[in-house]
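**Q** Just dropping this structure here.
2 protein chains.
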Amino acid sequence: MNLAGGLPDPATYPAEELADIAARAVRDHGPEVLGYSRIDGLPALRDRLAARFSDAHVQLTRENVLVTTAGMQALDLVGKVLLEPSGRITAHSPTYLGAIDAWKPYRPQYRPFTPDGSEDYNQVFSGAQFVYTVPNFSNPSGRLVDVDQRRTMVEAAHLTGTWLVEDDPYGGLYYEGEPLPRLLSLSGERQGPVGNNPYRGPVIYTGTLSKEVAPGLRIGWVIAAPEMIAAMVMAKQGSDMCTSGLTQRIALMAMEAGLAERMQPRILALYRERRDALCQALSDHLAASFTWQKPQGGMFVWAVARDPDLDTDALMRVGLEEGVCITPSSVFDVTGRNHGAMRINFTFNSPERIVEGIKRLAKAVARLSSK
Amino acid sequence: MNLAGGLPDPATYPAEELADIAARAVRDHGPEVLGYSRIDGLPALRDRLAARFSDAHVQLTRENVLVTTAGMQALDLVGKVLLEPSGRITAHSPTYLGAIDAWKPYRPQYRPFTPDGSEDYNQVFSGAQFVYTVPNFSNPSGRLVDVDQRRTMVEAAHLTGTWLVEDDPYGGLYYEGEPLPRLLSLSGERQGPVGNNPYRGPVIYTGTLSKEVAPGLRIGWVIAAPEMIAAMVMAKQGSDMCTSGLTQRIALMAMEAGLAERMQPRILALYRERRDALCQALSDHLAASFTWQKPQGGMFVWAVARDPDLDTDALMRVGLEEGVCITPSSVFDVTGRNHGAMRINFTFNSPERIVEGIKRLAKAVARLSSK
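Chains as they are written, first to last, in the UniProt record's numbering: chain A, 1 to 371; chain P, 1 to 371.
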């Protein structure tokens, strides 16, 4: 029972529609999709992304958009452009493992923070080469950053002149409630009237098709100030020259066909049911040893051990013997010192398998406690 | 008349066949091609590449192979794994611009060398973090490194324990003669009997589908010692997590269908004719001001000005006014000081357009000389 990964359910992938789109993409746009693409991406795809992320407060043009080889490359390029060796990153604690990986070559220092207003953001942000935040259902914590904290973070970024990386892979996975405004939008609002184009603020917004359509296309994007996009284009040239014209064209055609919007209700219903099954199973079998908050969206529940001596690295090992896999908190902590929590995924498995997995995990907890 | 780029002729892209393959790839392999791929690549594709590059002297297994997001990513990963800040790279002079770009973030020092035996390779290689060579029709020089020099380079890499990056995008573009042995193969020969698997030597071989099928798939590969592949896998995880499963599956199906082999005779005939047209046009119009060697393969002619005062940066600017674009030597020189040569591409344009381009270039030379 793999509850460790961060994978969508492959049953959601729209294979039939994408097969037709892929064939048409090559047949109708052969020279374009089979040749080198522009480094910054297919112009029509950049236009579409600019339109999609424009709203009453921020209006974007093609110059604000870079197409990336999925979300991970966006983080890699952020590091390439902004990080000096041993520079400082202010980041959510716990932090997404992939981001830690992407920036490892620069051996940065980390200044962890919790986006709950317990610290003065001006102080926390200043001196950082950038701030890294996942406001929607952060990986691994599942935390949703509230509107007030979003505003305060944006204000601090403007005041201190610090780049603010808003990583948003889960923004389309709200199971309840209206999506909260993006930091990008709040920053546009602070920048002033909509006429004041293009966006030139400190937010570097990154998104991906991986969660809303399919990871295999490897299509992501960065929305940022034109000068930041230009710098990232230079860095991307030395990373992979350009993103596949084929997968870009497929992504554009899928967007034009409204594929993600048609898939979304089914995906949300599926994942909502699984989240509920996981939280119910945790209540039934692990309430004595862990606490957690039911997340309003995303892919993960973050469960914290009640017993400060319970070590989730050890629990992972015993869990594997019981046939269940979770991710221990240590991997999301740049110091490696947080051993008291775990991340549990609920999107990949059926409710039945999730329940079975949690039962096995409860057995592992019992074995560990009796040692 | 763009004679500056390094582009295949889009007319060679097999759009009809790839459209069918793309549709079948998604329809028959939906969950695999639309989900996350393994970081190291599709196992069947790695097996196929291992078989393709095995020969009488080197036998490879899947563990020797990493699939990359085209050739450029392979160079990026070489830098990520091997380069310490301000470390030294020993590289062909002139050097491929894309490699210079890929390694720029590390601010390396360069030790240029000419692979003609004029220096002792042991001395040239030792102390370098790696050696970078393009033995087949080097970009930009078009030079083919002969077998003796290949052997001597391999020997020096083994003796000095220096990683030897063999970048081979043009290995399929021999217009005359039998392809010379790869450094990878010569290194396997030196390592000893074929039974001694897997390959563990110092050569890091990089290749791409961009020149033999189509650049838009963004599929490349690295063949190297398993421990080097393992290190590059770690680096790739933080670069783009994985290469698109869709384009990998398309590449595999194209290989299984023998697409590149069927395309090759037509591509070779097309480019041979264009190379000859370019060299004839140079003889007809520019023999008084430039010297060059007719390359036996690849995509470029490297032309060196007879007059040491002729500045090809200036020639590029005057050429643009005449409606022709070439690439001046300065961009291939890490010191930026070589102003006496130019790279001319012959694969992208028809013979008629090539001749017209060289006529315009001759006009530009005349204008420049009369200044």
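Every residue, glycine too, gets a C-beta built ideally from N, C-alpha and C.
Would you call A:Thr-335 buried or exposed, if buried means 16 or more other Cβ atoms sit within 10 Å of its Cβ?
**A** Exposed.
**Q** Following the continuous alpha helix (DSSP H) through P:Gln-237, name the residue where it begins and the one where it ends.
**A** Unbroken alpha helix (DSSP H) run through P:Gln-237: 226-237.
**Q** Rounded to whole angstroms, what is the Cα-Cα separation between residue 377 of chain A and P:Pro-8?
**A** Because residue 377 of chain A is not part of the residues shown, which for chain A are 1 to 371, the question remains open.
**Q** Would you call A:Ser-330 buried or exposed, if buried means 16 or more other Cβ atoms sit within 10 Å of its Cβ?
**A** Its Cβ being crowded by 16 or more others within 10 Å, A:Ser-330 is buried.
**Q** Give a yes or no on contact between the segment 63-74 of chain A and the segment 212-230 of chain A, applying the rule of three or more CB pairs nearer than 8 Å.
**A** The segment 63-74 of chain A, when compared against the segment 212-230 of chain A, does touch it at the 8 Å Cβ threshold.
**Q** Taking 8 Å as the CB-CB limit, is P:Ala-70 close to chain A?
**A** Answer yes: the Cβ-Cβ gap between P:Ala-70 and chain A drops below 8 Å somewhere.
**Q** Looking at the secondary structure, which residues open and close the beta strand (DSSP E) in which A:Tyr-271 lies?
**A** Premise fails: A:Tyr-271 lies in the alpha helix (DSSP H), 259-285, not in any beta strand (DSSP E).
**Q** From A:Gly-177 to P:Lys-104, what does the alpha carbon distance come to, in whole angstroms?
**A** Those two C-alpha atoms are separated by around 46 Å.
**Q** Can you name the residues that DSSP bridges to A:Gly-220?
**A** Partner(s): A:Thr-68, A:Thr-208.
**Q** Considering just the uninterrupted stretch of the alpha helix (DSSP H) at A:Gln-248, what are its terminal residues?
**A** Start and end: 245-256.
**Q** With DSSP as the reference, label P:Cys-304 as helix, strand or coil.
**A** The identity of residue 304 of chain P in the sequence shown is Val, whereas the question assumes Cys. If DSSP states are grouped into helix, strand and coil, P:Val-304 belongs with the strands.
**Q** Looking at chain A, is there any beta carbon in it that lies within less than 8 Å of the beta carbon of P:Val-165?
**A** P:Val-165 does not count as touching chain A.
**Q** Mapping the DSSP letters down to three states, classify P:Asn-2 as helix, strand or coil.
**A** It is a strand residue.
**Q** Could you tell me whether any Cβ in chain P is nearer than 8 Å to the Cβ of A:Pro-31?
**A** Chain P contact via Cβ: present.
**Q** Any C-beta of chain P sitting closer than 8 Å to the C-beta of A:Gln-59?
**A** No, because no Cβ of chain P sits closer than 8 Å to the Cβ of A:Gln-59.
**Q** Whole angstroms are fine: how far does the CA of A:Leu-183 sit from the CA of A:Pro-112?
**A** For A:Pro-112 and A:Leu-183, the distance between alpha carbons rounds to 19 Å.
**Q** Touching or not, the segment 87-102 of chain A and the segment 122-129 of chain A, by the rule of three or more beta carbon pairs under 8 Å?
**A** They touch, by the three-pair rule.
**Q** Mind checking whether P:Gly-297 and P:Tyr-96 have CB atoms under 8 Å apart?
**A** Not a contact, by the Cβ cut-off of 8 Å.
**Q** Look at the alpha carbon of P:Leu-14 and the alpha carbon of P:Arg-266, and state the distance between them as a whole number of angstroms.
**A** Correcting the residue type first, residue 14 of chain P is Pro in the shown sequence and not Leu. So the alpha carbons of these two residues sit roughly 12 Å apart.
**Q** List the residues that DSSP assigns as beta-bridge partners of P:Trp-292.
**A** P:Trp-292 pairs with P:Ala-303.
**Q** Quick one: is A:Lys-80 near chain P, going by C-beta distance under 8 Å?
**A** Cβ-Cβ to chain P under 8 Å: yes for A:Lys-80.
**Q** So that I know if they touch, is there some Cβ in chain A lying closer than 8 Å to that of P:Thr-327?
**A** By this cut-off, P:Thr-327 is not an interface position.
**Q** Which word fits A:Pro-179, buried or exposed, when buried means at least 16 other C-beta atoms lie within 10 angstroms of its C-beta?
**A** That one is exposed.
**Q** Below 6 Å CB to CB, which residues in the same chain sit around A:Glu-322 once its five sequence neighbours on both sides are set aside?
**A** Arg-360, Lys-363, Ala-364, listed in sequence order.
**Q** Here's a check: name, in chain order, each residue in its chain whose Cβ is nearer than 6 Å to the Cβ of P:Met-241, leaving out the five neighbours to either side.
**A** Excluding residues within five positions, none has a Cβ falling inside 6 Å.
**Q** In this structure, how does DSSP classify A:Phe-348 when only helix, strand and coil are distinguished?
**A** Coil, per DSSP.
**Q** Between the Cα of A:Glu-84 and those of A:Glu-63, A:Gln-109, A:Met-72, A:Val-304, spot the shortest distance and give me the residue it belongs to.
**A** Among A:Glu-63, A:Gln-109, A:Met-72, A:Val-304, the Cα nearest to that of A:Glu-84 belongs to A:Gln-109.
**Q** Check A:Arg-88 in the structure and name its three-state DSSP category.
**A** The answer is strand: DSSP assigns A:Arg-88 an E or B state.
**Q** Which whole runs of the alpha helix (DSSP H) in the segment 137-182 of chain P are 4 residues long or more, in chain order?
**A** Entirely contained in the segment 137-182 of chain P, the alpha helix (DSSP H) runs reaching 4 residues are, in chain order, 147-160.
**Q** Can you check which of these residues, A:Arg-275, A:Thr-327, A:Thr-312, A:Val-233, is closest to A:Leu-77 by C-alpha distance?
**A** Nearest C-alpha to A:Leu-77: A:Val-233.
**Q** Using a Cβ distance threshold of 8 Å, determine whether the segment 26-43 of chain P contacts the segment 32-52 of chain A, with at least three qualifying pairs required.
**A** The segment 26-43 of chain P vs the segment 32-52 of chain A: no contact.
**Q** Pairing CB atoms from the segment 14-23 of chain P with CB atoms from the segment 144-151 of chain P, are three or more of them under 8 Å?
**A** Judged by Cβ distances under 8 Å, the segment 14-23 of chain P makes no contact with the segment 144-151 of chain P, as fewer than three pairs qualify.
**Q** So, helix, strand or coil for P:Arg-111, using DSSP?
**A** P:Arg-111 falls in the strand class under three-state DSSP.
**Q** Label P:Pro-43 either buried or exposed according to how many other C-beta atoms from any shown protein chain fall within 10 Å of its C-beta, with 16 as the threshold for buried.
**A** P:Pro-43 is exposed by the Cβ-count criterion.
**Q** Closer than 8 Å, CB to CB, is A:Asp-240 near chain P or not?
**A** Cβ-Cβ to chain P under 8 Å: yes for A:Asp-240.
**Q** Hey, does P:Asp-101 have any beta-carbon neighbour from chain A nearer than 8 Å?
**A** Cβ-Cβ to chain A under 8 Å: yes for P:Asp-101.
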